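Since the structure comes first, as structure tokens, the remarks are kept for the end.
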Amino acid sequence: MRQIWKSFRALYFASLMMLIGSGLLSTYLALRLAADNVDSLWVGALMAANYFGLVLGGKIGHRLIARVGHIRAYATCAGIVGAAVLGHGLVDWLPAWIVLRVIVGLGMMCQYMVIESWLNEQADAKQRGVVFSLYMIASYLGLVLGQLILVLHPQLGLELLMLVALCFALCLVPVAMTRRIHPAALHPAPMEPRFFIKRVPQSLSTVLGAGLIVGSFYGLAPLYASQQGLTTEQVGLFMGSCIFAGLLVQWPLGWLSDRYDRALLIRCFALCLAVAALPLAIMTQVPLEVLFVAGFLCSLVQFCLYPLAVAFSNDHVEGDRRVSLTAMLLVTYGIGASIGPLLAGVIMKLFGNQMLYAFFSLCALILVWRIRPKAVTNLHQVEDAPLHHVAMPDSMSSSPLVAALDPRVDEQVVQEQMQVSVPDPEPQDDAQPSTDEPPFEGPPEPLGPEEHPHDLSRARP
């Protein structure tokens with residue numbers, strides 16, 4: 001563990017700073033609009049735009065990294081994100097903020113892809129589980145610390161935007177100063193939506209529901225807490241405690257997932273979420289103690305749905321399709337997280353702020369109806385199922401390249417599907433490098449696409 005920490009602490013620090021800035025920005029924007037008495041629909045639209053940018057970045061990031069290299073891509077995106085963050089302080093026009101949020105999401109997804117491909121390149125096959133767990137801890141911890149900054153600095157001035165931009169500037173330092181091997185760019189695995197809709201429909205339904213719930217939580221829970229009369233410091237503590245619950249529950253969830261039927265667990269957790277959200281859905285004014293306890297319990301359950309769905313789907317998909325499965329799950333999650341804040345924002349505008357948790361309860365009840373353990377045929381269950389449960393960060397802090405770090409995905413499959421470029425049928429002038437060619441040792445400037453030993457300039461997106 002000590003050696004792993006020493007080897008990857010720079011990348012973990014970069015992830016931590018990114019998530020501190022991202023978590024603080026989401027809550028700050030919600031509270032800022034609440035202070036200006038802006039409709040909840042706009043708050044939901046901002047978070048939906050962020051997730052739309054994340055999904056879009058998953059498509060664009062591969063091309064950018066292949067074109068200019070990891071370090072340049074990361075530096076470019078961090079600079080653009082920092083500028084977009086400061087743009088919120090220069091422009092008060094809400095449609096412009098939506099565009100800026102798309103840019104922030106897109107740039108952050110490219111940054112995630114650089115970090116995750118770098119972690120995969122440097123991690124030994126036997127260490128991927130530990131490397132991935134520490135990455136998840138850094139991600140959740142960053143989101144929690146981002147909320148706690150509001151406790152120390154409750155004024156909703158431009159200073160907080162400067163602090164977010166500062167975080168994105170600092171996350172540049174460890175990546176720009178690295179002396180490690182420049183990793184090979186990874187191209188996206190082909191998606192097979194029709195196949196996975198037929199093979200793992202219940203898992204996709206769970207992931208979609210988790211996206212609806214968690215996306216709405218990140219975007220609208222600060223607004224809900226503010227409208228309940230909480231101060232900025234109390235909103236920061238509320239959000240921090242809820243996100244910390246998501247980190248806290250991952251290890252007991254792994255113990256349960258490896259010992260009990262995962263479809264049944266999904267249904268039970270969805271039912272628990274529907275019940276836990278009822279007090280906050282019914283009461284228009286909630287006492288502070290009840291708000292914190294009920295919010296913490298809801299978060300304990302809602303952050304279980306996505307990891308369980310990932311584990312459940314991997315049990316029923318062959319090893320050579322798990323890279324594509326990861327991309328499909330993250331896109332499905334992103335779609336849900338883009339739609340959820342919009343739907344919840346409309347409901348809150350029409351019927352009151354407590355409708356946020358009514359929306360959570362409704363989504364959970366739909367999952368209880370949709371997930372039927374008896375409908376699982378097990379015709380395609382893999383021989384070693386249930387596979388070992390792996391704690392997963394939510395889609396807000398990971399990219400499609402997370403498949404390369406997931407220890408349930410065979411490393412050889414990752415190499416074959418994500419690192420081998422697809423040759424064009426047309427003749428090419430440049431010779432292909434041999435497989436015995438030594439890896440690129442780290443000069444300060446990455447090689448261009450035509451010089452890079454892992455040429456992905458012609459890889460299919």
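The sequence shown runs 1 to 461 under the UniProt record's numbering.
Cβ atoms here follow ideal geometry from the backbone N, Cα and C, with glycine treated the same way.
Note that the coordinates shown come from a computational prediction; the quantities given were computed from them, not determined experimentally.
Secondary structure at Met283: coil, using DSSP grouped into helix, strand and coil. In the DSSP annotation of this structure, the continuous segment of the alpha helix (DSSP H) that includes Tyr51 starts and ends at 40–68.
In the three-state reduction of the DSSP assignment, Gln354 falls in the coil class. Look at Gln127 here: in three-state DSSP terms it is helix. For Arg179, the secondary structure class from DSSP, reduced to helix, strand or coil, is coil.
DSSP, reduced to helix, strand and coil, places Glu318 outside both helices and strands of the structure shown, so it counts as coil. Only residues of its own chain outside the window of five on either side were considered, and among them Ser361, Ala364, Leu365 have a CB closer than 6 Å to the CB of Ala274, listed in chain order. By the C-beta criterion, the region 349–361 is judged not to be in contact with the region 259–271, since fewer than 3 inter-stretch pairs fall below 8 Å.
When DSSP states are grouped into helix, strand and coil, Ile80 belongs to the helix group. Put simply, the backbone Cα of Met239 is about 20 Å away from that of Ala49. Within the region 200–278, the runs of alpha helix (DSSP H) that reach at least 4 residues and sit entirely inside it are, in chain order, 201–227, 232–248, 250–257, 262–276.
By the Cβ criterion, the region 129–148 is in contact with the region 13–23, since at least three pairs of Cβ atoms, one from each stretch, lie closer than 8 Å. The continuous alpha helix (DSSP H) containing Lys6 extends over residues 2–35. Measuring C-alpha to C-alpha distances from Ala30 to each of Met113, Pro307, Met47 identifies Met47 as the nearest. Ala245 is positioned such that its CB atom lies no closer than 8 Å to that of Phe312. Trp42 sits buried, since 16 or more C-beta atoms from the chains shown fall within 10 Å of its C-beta. Taking C-beta atoms as the reference points, Ile137 and Leu11 fail to come closer than 8 Å. Of the residues Leu280, Gly79, Gln250, the one whose Cα lies closest to the Cα of Tyr357 is Leu280. Within its own chain, the residues whose Cβ lies closer than 6 Å to the Cβ of Ile347, once the five positions on either side in sequence are excluded, are Met355, Phe359, listed in chain order.
The residues Gln228, Gly229, in chain order, have a CB closer than 8 Å to that of Gln285 in the same chain once the five nearest residues on each side in sequence are set aside. Assigned with DSSP and collapsed to three states, Ile371 falls in coil, not helix or strand. For Met191, there is no enclosing alpha helix (DSSP H), since its DSSP letter is neither H nor E. When DSSP states are grouped into helix, strand and coil, Val164 belongs to the helix group.
Non-local C-beta neighbours of Val102 in its own chain, meaning closer than 8 Å and more than five positions away in sequence, comprise Ala49, Asn50, Phe52, Gly53, Leu56, ordered along the chain. The Cβ-Cβ distance between Ser257 and Phe296 does not fall below 8 Å. Leu288 counts as exposed, since fewer than 16 other beta carbons sit within 10 angstroms of its beta carbon.
For Gln147, the closest of Asp36, Thr76, Leu86, Leu19 by C-alpha to C-alpha distance is Leu19. At the C-beta level, Arg262 and Asp315 come within 8 Å of one another. In chain order, Leu150, Leu156, Leu160, Leu161, Val164 place their CB closer than 8 Å to the CB of Tyr28, counting only its own chain and leaving out the 5 sequence neighbours on each side. 8 Å or more divides the Cβ of Thr206 from the Cβ of Ala344. Per the C-alpha coordinates, the member of Lys374, Ser226, Leu247 positioned closest to Asn37 is Ser226. Here Gly82 is not near Leu100, since their CB atoms are 8 Å or more apart.
Relative to the Cα of Val214, the nearest Cα in the group Ile80, Tyr333, Ile197, Met113 belongs to Tyr333. When DSSP states are grouped into helix, strand and coil, Gly157 belongs to the coil group. Of the residues Leu291, Cys298, Leu106, Ala375, the one whose Cα lies closest to the Cα of Cys272 is Cys298.
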